[in-house]
Amino acid sequence: AQSVTQPDIHITVSEGASLELRCNYSYGATPYLFWYVQSPGQGLQLLLKYFSGDTLVQGIKGFEAEFKRSQSSFNLRKPSVHWSDAAEYFCAVGDHNNAGNMLTFGGGTRLMVKP
Amino acid sequence: DAGVIQSPRHEVTEMGQEVTLRCKPISGHNSLFWYRQTMMRGLELLIYFNNNVPIDDSGMPEDRFSAKMPNASFSTLKIQPSEPRDSAVYFCASRPGQGDGNTIYFGEGSWLTVV
């Protein structure tokens, strides 16, 4: 069974600092990988996704993520954090079978941004 | 394009009452998902439909929960009778189909409180 681990439950960074949120997955083949962001009181918004090809993917709001097969990781990065980035971030893995419908989420990382 | 539309956004109800949550998926999407989000368990897939047919309801917690999708543009999640432990955010999500891989688009959620 597939699984996703986000080791950091909370992260605090200063505005303007760089950010890296960690995500490790377990899956028997090349997975579909996603990062979603959830602002308070809102639903989940897709930031970026990896299906195949270039292992460095660009997303919205200046985010990027890199798929590293050897480390089973898909870490999310941003070079300079803005106060509006404060939210909860979810990594997810989807399988290629079962019509691709089994999306498994990590537990989330709550990002706080200091002024 | 309108996103996934859920109603009600917030509901407070008394234990024992019936709760019906509603969802309108994005037009043209052929898969629909119901997720539940709690602090303790994170995001859990309750059930998903493909072309209006329930495919996997193994995540539905118990017989008090039921979901229907009478047509491609509407789904309901019903809890009868409701209990305080059902308090959570319930997300509906939809997916366009194989052409977009596993990308799932979420609604803004229905915040349910059972007192």
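Protein chains in written order, with this note's numbering: chain A, 1 to 115; chain B, 1001 to 1115.
Glycine included, each C-beta is placed from N, C-alpha and C at the ideal position.
Cβ shell of residue i (< 8 Å), same chain only, five flanking positions each side left out
i                 : result
Pro1084 (chain B) : Met1015, Val1114 and Val1115
Phe63 (chain A)   : Trp35, Leu47, Leu48, Leu76, Arg77 and Lys78
Pro1054 (chain B) : Ile1047, Tyr1048, Ala1067 and Met1069
Glu1018 (chain B) : Lys1078, Ile1079, Gln1080, Pro1081 and Ser1082
7 Å Cβ shell around residue i - same chain, five flanking residues per side excluded
i                 : result
Gln1037 (chain B) : Leu1043, Ala1088, Val1089 and Phe1091
Asn1052 (chain B) : Met1069, Asn1071 and Ala1072
Phe1106 (chain B) : Val1004, Phe1091 and Ala1093
Phe67 (chain A)   : Leu33, Tyr50, Thr55 and Phe74
His1010 (chain B) : Trp1111
Asp1086 (chain B) : Ile1079, Leu1112 and Val1114
Residue i in three-state terms, based on DSSP
i                 : result
Gly62 (chain A)   : helix
Arg1085 (chain B) : helix
Ser1073 (chain B) : coil
Arg1095 (chain B) : strand
Asp1056 (chain B) : strand
Gln71 (chain A)   : helix
Ser1110 (chain B) : strand
Ser1066 (chain B) : strand
Thr12 (chain A)   : strand
Ala99 (chain A)   : Residue confidence is low: Ala99 (chain A) scores 49 on pLDDT, short of 50, so the model does not pin down where it sits. Its coordinate-derived value is still stated next. Three-state DSSP puts Ala99 (chain A) in a helix.
Residue of the options minimising C-alpha distance to residue i
i                 : options                                       : result
Ile1104 (chain B) : B:Leu1112, B:Val1053 and B:Ala1093            : B:Ala1093
Glu1062 (chain B) : B:Val1053, B:Asn1071 and B:Leu1077            : B:Leu1077
Met1039 (chain B) : A:Val113, A:Ile11, A:Gly108 and A:Phe34       : A:Gly108
Ala86 (chain A)   : A:Pro40, A:Ala65 and A:Cys23                  : A:Pro40
Gln71 (chain A)   : A:Phe90, A:Tyr89 and A:Tyr25                  : A:Tyr25
Ile1026 (chain B) : B:Val1012, B:Tyr1035, B:Glu1018 and B:Gln1006 : B:Gln1006
Leu119 (chain A)  : A:Pro7, A:Ile11, A:Val81 and A:Cys23          : Missing from the structure shown is residue 119 (chain A); chain A here goes from 1 to 115 and no further.
Tyr89 (chain A)   : A:Pro115, A:Val113, A:Val37 and A:Trp83       : A:Val37
Val4 (chain A)    : A:Val13, A:Cys23 and A:Ser14                  : A:Cys23
Pro115 (chain A)  : A:Trp83, A:Ile9, A:Pro7 and A:Tyr27           : A:Trp83
Tyr1035 (chain B) : B:Val1019, B:Met1060, B:Thr1013 and B:Thr1020 : B:Met1060
Lys1024 (chain B) : B:Phe1074, B:Glu1108 and B:Arg1095            : B:Phe1074
Tyr27 (chain A)   : A:Val81, A:Ala1, A:Ala65 and A:Val113         : A:Ala1
Chain-order list of residues whose beta-carbon lies under 6 Å from that of residue i (same chain, five-residue window excluded)
i                 : result
Pro1081 (chain B) : Gly1016
Asn1050 (chain B) : Ser1031
Phe1065 (chain B) : Ile1079
Arg1022 (chain B) : Ser1007 and Thr1076
Pro7 (chain A)    : Arg22
Pro1096 (chain B) : His1029
Residues sharing a beta bridge with residue i, DSSP
i                 : result
Asn24 (chain A)   : A:Thr5 and A:Ser73
Thr104 (chain A)  : A:Val93
Gln38 (chain A)   : A:Leu44 and A:Glu88
Gly1042 (chain B) : B:Thr1038
Glu1018 (chain B) : According to DSSP, which records beta bridges pairwise, Glu1018 (chain B) is partnered with nothing at all.
Phe51 (chain A)   : Beta-bridge pairing links Phe51 (chain A) to no other residue.
Ile1005 (chain B) : B:Lys1024
Ile1047 (chain B) : B:Trp1034
His1010 (chain B) : B:Trp1111
Ile1104 (chain B) : According to DSSP, Ile1104 (chain B) bridges with nothing at all.
Thr109 (chain A)  : A:Tyr89
Proximity test, residue i beta-carbon vs the ligand ADP heavy atom, cut-off 7 Å
i                 : result
Met1069 (chain B) : The ligand content of the structure shown is nil, which means the ligand ADP is not present either.
Per-residue contacts from residue i into chain D (C-beta, under 7 Å)
i               : result
Gln42 (chain A) : Protein chains A and B are contained in the structure displayed, whereas chain D is not.
Mind the definition here: the region 76-93 of chain A touches the region 5-18 of chain A only if three or more C-beta pairs lie below 8 Å; say whether that holds. Yes, the region 76-93 of chain A touches the region 5-18 of chain A.
Pairing CB atoms from the region 104-111 of chain A with CB atoms from the region 48-68 of chain A, are three or more of them under 8 Å? Contact between the region 104-111 of chain A and the region 48-68 of chain A is absent, because fewer than three Cβ pairs lie under 8 Å.
Between the region 1016-1033 of chain B and the region 37-52 of chain A, do three or more beta carbon pairs fall short of 8 Å? They do not touch, by the three-pair rule.
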